[in-house]
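Each remark here refers to the structure printed beneath this line.
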Amino acid sequence: MTERSAPAHTALTRRGFLRGISALAVAGASLRFAAPARAATASGSLTVPPLLESTTDSSGTKVFKLSMESGTTEILSGVTSATCGFNQAFLGPVLKVNQGDTVQMDITNNLDDVSTVHWHGAHIPPSVDGGPQNTIDAGGTFSPSFEINQAACTLWFHPHALGTTAEQVASGLAGMLIVDDDTDGAAALPSTYGTDQFPLIVQSNPVSTAGALLFTTAGETASTTSFPLLVNGSNVGVDGTPTLTVDASRVRFHVLNASIADIITVTRSDGATFTQVATDAALLSKPLSVAGLQLVAGERAEICIDVTSGDSVTLQATVTAGGARGGSGTSAIVTLTSSATAAADELPSSLATFTALDVSSPDATRTIALSNRGNSMLINGVAGTTMAAMEAAGIMTTLGATEVWTITNATGLTHSFHLHDVPFQVLTVNGVAPTGGYAEWKDTILIAPQSTNVIAMQFTDYADNTFGYMLHCHNTVHEDEGMMTMLMVMTG
Ligand code: C2O
Ligand code: CU
Ligand code: CU
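What the sequence shown shows, in mature numbering (1 follows the signal peptide of the UniProt record, and there is no 0), is residues -39 to -1, 1 to 453, in sequence order.
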């Protein structure tokens, strides 16, 4: 990305973050923020992204204002990094919406580069999906509007312009979009943002000794590159383990691996289990007691931790390289304590309804073959580095089709397979039906080296003969190296 000195009103640094926010308010900028991110009922050193307030227009649409800005952040101790973020110098606010809402995202691109904003995991029309066809020029604006047409889940938003996704995500352009609904299952989960509901945006990204955020295979492999572990933008190796003290007896964490490539496994430091309540695409049918949660780049999960006065629960992240070289080791990512004296009620035994797709006679079966030629990453033999290549090699289906895809991986690398538009179900991995969260709705999954993965999906609701969706590796370095292609859902 071409560097650009931050305009005065966005010269935010993470360490001066809160001061920066009030400066914005004083300056009367059009950005709107909720009251201080950390409510009175939670305290500690955990960085809690601000909740972005919307305004409601005369037709009832919730309007959110997002501005892509450049700034600086101290990621390595004493070193200033050029970073970008939504409405702030690094990362972005959290947006909360409800199933059935109509939203409008007023996006301003104040970067020096073309960009897009993609709503990862959102079931929305391709004309507003924010893929490489929805470009926003430097200085430009885009105001996609869409209905939230899915039940409770944890989505995120990030740039998706052709060839610059890894660069722009690594620079800090990532934010969380939480969808709520009015089912009993969702109502049973903590949902007061900043009080008993928190995002944990975890990143292990390559950084040079001079503080440059790196985003290529060459950057990953350079011997001087380090991989700091960031939690909501704070380097736990510099700032120490984030702490969080709440009044509640149960906390819900929305965990996102926003790394460009690395794989993050979350466990409790005491070896105990915790409760997973959602995959990346939906609430689980029932709460699941898990010993750990492995998330590839782009993958999310929701977990609940019960804690009462006198207890302390520390979550930790173990990092493994997703790319040519990556982070390693285990770091604490949050230590949770509570002043609650009474234990939380048991979670309901059912959170949501999960129905397996009928795949007895699919409308199409396809093979998605992942391979590479050196650093050229291929889907079905084609490097998707241009729109023309992806249009020629892409997938064409029709509205309503149910399909079964076999994803093969001829490489010795782990990939993170992601499909836009609709979530999918994993039928088998190397011939075996998956368990746990991988047995329900997903939009991003780990693809092991040399593995065969069969998934099924149905292309409901949105067709467009001009705009397409994307499917790709969410190791965004691989994505930019060509492991991406296009999906057209035709009106039929
Ligand atoms: Cu998270 Cu195609 O993207
Ligand atoms: Cu996506
Ligand atoms: Cu990959």
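Glycine residues also receive a C-beta, built at the ideal position from the N, C-alpha and C atoms.
On a predicted model such as this, the values are computed, not experimentally measured, just so you know.
Per DSSP, residue i forms a beta bridge with which residues?
| i | result |
| --- | --- |
| Phe25 | Met66 |
| Arg229 | Leu276 |
| Ser195 | Val192 |
| Met449 | Met357 |
| Thr291 | Thr279 |
| Arg213 | Gln158 and Cys265 |
| Val365 | Thr326 and Ala417 |
| Val168 | Leu174 and Ser187 |
| Val343 | Ile340 |
| Ser332 | Leu339 |
| Met348 | Partner(s): none; Met348 has no beta bridge. |
| Asp141 | Asn59 |
| Asn370 | Leu331 |
| Val393 | Val390 |
| Phe385 | Lys403 |
Ordered along the chain, which non-local residues of its own chain (more than five positions away) have a Cβ less than 6 Å from that of residue i?
| i | result |
| --- | --- |
| Val199 | Ser38 |
| Ala293 | Thr202, Thr275 and Gln277 |
| Leu407 | Val257 |
| Thr102 | Thr69 |
| residue 456 | No answer is possible for residue 456: the residues shown for the chain start at -39 and end at 453. |
| Ser268 | Checking the displayed sequence, the identity of residue 268 turns out to be Val instead of Ser. Contacts found: Val274, Leu297 and Ser299. |
| Gly53 | Gly46, Phe47 and Gly136 |
Straight-line CA distance for residue i to residue j?
| i | j | result |
| --- | --- | --- |
| Ala(-11) | Ala50 | Reliability of the predicted coordinates at Ala(-11) is poor, the pLDDT of 33 falling under 50, and no value is obtained from them. |
| Ile224 | Gly287 | 9 Å |
| Arg327 | Gly91 | 25 Å |
| Thr44 | Ala325 | 44 Å |
| Ser6 | Gly345 | 42 Å |
| Ile368 | Ser332 | 11 Å |
| Val438 | Gly136 | 19 Å |
| Ala112 | Asp422 | 15 Å |
| Phe159 | Phe214 | 5 Å |
| Ala219 | Ala262 | 12 Å |
| Leu339 | Thr302 | 55 Å |
| Thr234 | Thr296 | 15 Å |
| Ala362 | Thr34 | 46 Å |
| Glu352 | Asp425 | 14 Å |
| Leu308 | Phe315 | 17 Å |
| Cys265 | Gly453 | 43 Å |
| Ala122 | Asp272 | 46 Å |
| Ala3 | Gly155 | 7 Å |
| Ala1 | Asp208 | Note on Ala1: pLDDT 49, under 50, position unreliable in the model; the coordinate value appears next. In a straight line, the C-alpha of Ala1 is about 9 Å away from that of Asp208. |
| Asn110 | Ile85 | 7 Å |
| Thr236 | Asp73 | 43 Å |
| Phe385 | Val40 | 42 Å |
Could you tell me how far apart the beta carbons of residue i and residue j are, in whole angstroms, since I believe they sit closer than 8 Å?
| i | j | result |
| --- | --- | --- |
| Ser270 | Ser299 | 6 Å |
| Val163 | Val192 | 6 Å |
| Val365 | Ala417 | 5 Å |
| Ser337 | Glu442 | 6 Å |
| Pro120 | Val89 | Their Cβ separation, rounded to whole angstroms, is 15 Å, which puts Pro120 and Val89 out of contact at 8 Å. |
| Leu134 | Met66 | Leu134 to Met66, Cβ: 14 Å. No contact. |
| residue 474 | Thr8 | Nothing about residue 474 can be read from this structure; the chain reaches only from -39 to 453. |
| Pro10 | Val55 | 5 Å |
For residue i and chain C, any beta-carbon pair shorter than 9 Å?
| i | result |
| --- | --- |
| Pro160 | The displayed structure is made up of one protein chain only, and chain C is not part of it. |
Does the Cβ of residue i have 16 or more other Cβ atoms within 10 Å, making it buried, or fewer, making it exposed?
| i | result |
| --- | --- |
| Gly211 | According to the sequence provided, residue 211 is Arg. The question's Gly does not apply to it. Buried. |
| His433 | buried |
| Asp241 | buried |
| Gln411 | exposed |
| Gly146 | buried |
| Gly283 | buried |
| Asn436 | buried |
| Gly392 | exposed |
| Ala(-5) | Summary for Ala(-5): the model assigns pLDDT 43, below 50, so the residue's position carries little reliability; its value from the coordinates is reported in the next sentence. Ala(-5) is exposed by the Cβ-count criterion. |
| Asp18 | exposed |
| Ala409 | exposed |
| Ala83 | buried |
Among residues of its own chain, excluding the 5 on either side of residue i, which ones have a beta-carbon nearer than 7 Å to its beta-carbon?
| i | result |
| --- | --- |
| Lys247 | Ser310, Ser311 and Leu312 |
| Gly180 | Pro167 and Thr186 |
Give every residue of the same chain whose Cβ lies closer than 8 Å to the Cβ of residue i, excluding the five residues on either side of it in the sequence, and list them in chain order.
| i | result |
| --- | --- |
| Leu175 | Ala131, Asn166, Pro167, Val168, Ser169, Glu181, Ala183 and Thr186 |
| Ser152 | Asp141, Gln158 and Arg213 |
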